[in-house]
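Using my numbering, you'd call the opening residue of the sequence shown number 8 and step up by one each time.
Cβ coordinates follow ideal geometry from the N, Cα and C atoms, glycine included.
Since this is a predicted model, take the numbers as computed values, not measurements.
Below: one structure, written as structure tokens.
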Amino acid sequence: MAIPKPIRAALLLCGLLLTAACSAHNDGGSSATSAQPAAAATTAPAPSAPSSAPVGFTEGKQYVRIAHPAQPAPTGPVVLVEVFSYGCPHCAEFAPYMDKLRAELPGGVEVRYMPAIFTPAWEPFARAFYAARQLGVLDKTHDALFQAMLEHYPLNSLQDLADFYSRHGVDPGKFLAAATSPATDAEMAADQKAEMSWGIDATPTLVIGRAASNAPDAPFVAEYRSGDFDDYAELQKIGLWLVERVETSPKTD
Numbered sequence: 008m009a010i011p012k013p014i015r016a017a018l019l020l021c022g023l024l025l026t027a028a029c030s031a032h033n034d035g036g037s038s039a040t041s042a043q044p045a046a047a048a049t050t051a052p053a054p055s056a057p058s059s060a061p062v063g064f065t066e067g068k069q070y071v072r073i074a075h076p077a078q079p080a081p082t083g084p085v086v087l088v089e090v091f092s093y094g095c096p097h098c099a100e101f102a103p104y105m106d107k108l109r110a111e112l113p114g115g116v117e118v119r120y121m122p123a124i125f126t127p128a129w130e131p132f133a134r135a136f137y138a139a140r141q142l143g144v145l146d147k148t149h150d151a152l153f154q155a156m157l158e159h160y161p162l163n164s165l166q167d168l169a170d171f172y173s174r175h176g177v178d179p180g181k182f183l184a185a186a187t188s189p190a191t192d193a194e195m196a197a198d199q200k201a202e203m204s205w206g207i208d209a210t211p212t213l214v215i216g217r218a219a220s221n222a223p224d225a226p227f228v229a230e231y232r233s234g235d236f237d238d239y240a241e242l243q244k245i246g247l248w249l250v251e252r253v254e255t256s257p258k259t260d
């Protein structure tokens with residue numbers, strides 16, 4: 008049965024709004040993840056095979072140094088954080104490249120994920136991430152949710168997401184309780200504060216640094232974040248290059 012025109016229009020509008028939110032600002036200028044103007048942001052950068060040309064990344068272009076108050080040099084393991092949203096189509100398309108990047112990383116490098124909330128429409132996706140992590144199902148649902156967004160886009164509400172997680176063996180009531188818990192509220196507020204301090208204004212963005220120490224609860228000290236990139240393969244290369252840069256320079260220079 009054909010979808011009535013008003014419903015098709017509403018679905019299209021919702022998709023456009025979520026896609027536009029992949030940048031925290033829509034001023035017609037370049038975002039941190041693409042040189043395309045915001046008006047053209049509905050088309051993600053075309054994936055391509057990695058170039059064989061020598062890597063030459065420039066500070067202020069492909070990567071940005073993150074300033075932070077004077078403090079002891081971090082001594083813990085190298086950490087790579089992907090700032091993302093399940094509501095960001097670009098993040099969904101980058102997911103296979105992120106998986107490849109994880110496989111390329113040197114031993115001992117930690118990989119973490121941090122949801123961004125550039126618009127209220129993204130809040131349910133952030134809450135879903137925290138709930139999945141608290142319930143121990145993040146590893147098996149992370150890429151699956153990206154794929155669901157690409158195939159059944161959009162999933163909009165927490166109830167929609169509860170239905171998705173129920174198909175992966177998660178009790179909907181437990182999911183909703185975790186997604187709306189004080190612990191989730193606290194994690195969400197802390198992550199948004201960190202993202203603001205790092206200057207995150209687009210997704211996906213990779214942030215690289217070290218844990219302050221080897222203690223299990225040591226805070227993360229960000230040193231670099233990715234900037235402009237031409238395609239997802241280049242972002243993958245930027246991430247690996249920055250990890251190697253931090254790994255070979257244990258003290259912040």
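DSSP-derived helix/strand/coil call for residue i
i           : result
residue 93  : coil
residue 174 : coil
residue 115 : coil
residue 142 : coil
residue 240 : helix
residue 207 : coil
residue 247 : helix
residue 222 : coil
residue 191 : helix
residue 83  : coil
residue 98  : helix
residue 199 : helix
residue 161 : coil
residue 154 : helix
residue 186 : helix
residue 166 : helix
residue 135 : helix
residue 77  : coil
residue 254 : helix
Counted within 10 angstroms of its Cβ, other Cβ atoms place residue i as buried (16 or more) or exposed
i           : result
residue 217 : buried
residue 121 : buried
residue 321 : For residue 321 there is no data in the structure shown, the boundaries of the chain being 8 and 260.
residue 147 : exposed
residue 132 : buried
residue 255 : exposed
residue 204 : exposed
residue 247 : buried
residue 4   : Residue 4 lies beyond the range of the chain shown here (8 to 260); nothing can be said about it.
residue 244 : buried
residue 157 : exposed
residue 234 : buried
residue 115 : exposed
Residues that residue i bridges to, as DSSP identifies them
i           : result
residue 72  : 231
residue 66  : 70
residue 122 : 91
residue 213 : 89
Closest by C-alpha distance to residue i, when choosing among the options
i           : options               : result
residue 90  : 173, 211 and 243      : 211
residue 229 : 29, 65, 84 and 64     : 84
residue 127 : 207, 29 and 152       : 29
residue 179 : 110, 153 and 135      : 135
residue 101 : 113, 69 and 150       : 150
residue 87  : 156, 108 and 184      : 108
residue 198 : 169, 94, 171 and 125  : 125
residue 145 : 158, 119, 129 and 130 : 119
residue 123 : 213, 74, 245 and 253  : 213
residue 175 : 222, 155 and 191      : 155
residue 253 : 77, 99 and 113        : 113
residue 169 : 181, 158, 215 and 159 : 181
residue 117 : 215, 73, 153 and 193  : 215
residue 140 : 99, 186 and 159       : 186
Closer than 9 Å to chain C by CB, residue i
i           : result
residue 215 : This model lacks chain C altogether, as it is built from one protein chain only.
Residue j beta carbon less than 9 Å from that of residue i
i           : j           : result
residue 231 : residue 104 : no
residue 142 : residue 165 : no
residue 82  : residue 137 : no
residue 236 : residue 78  : no
residue 94  : residue 161 : yes
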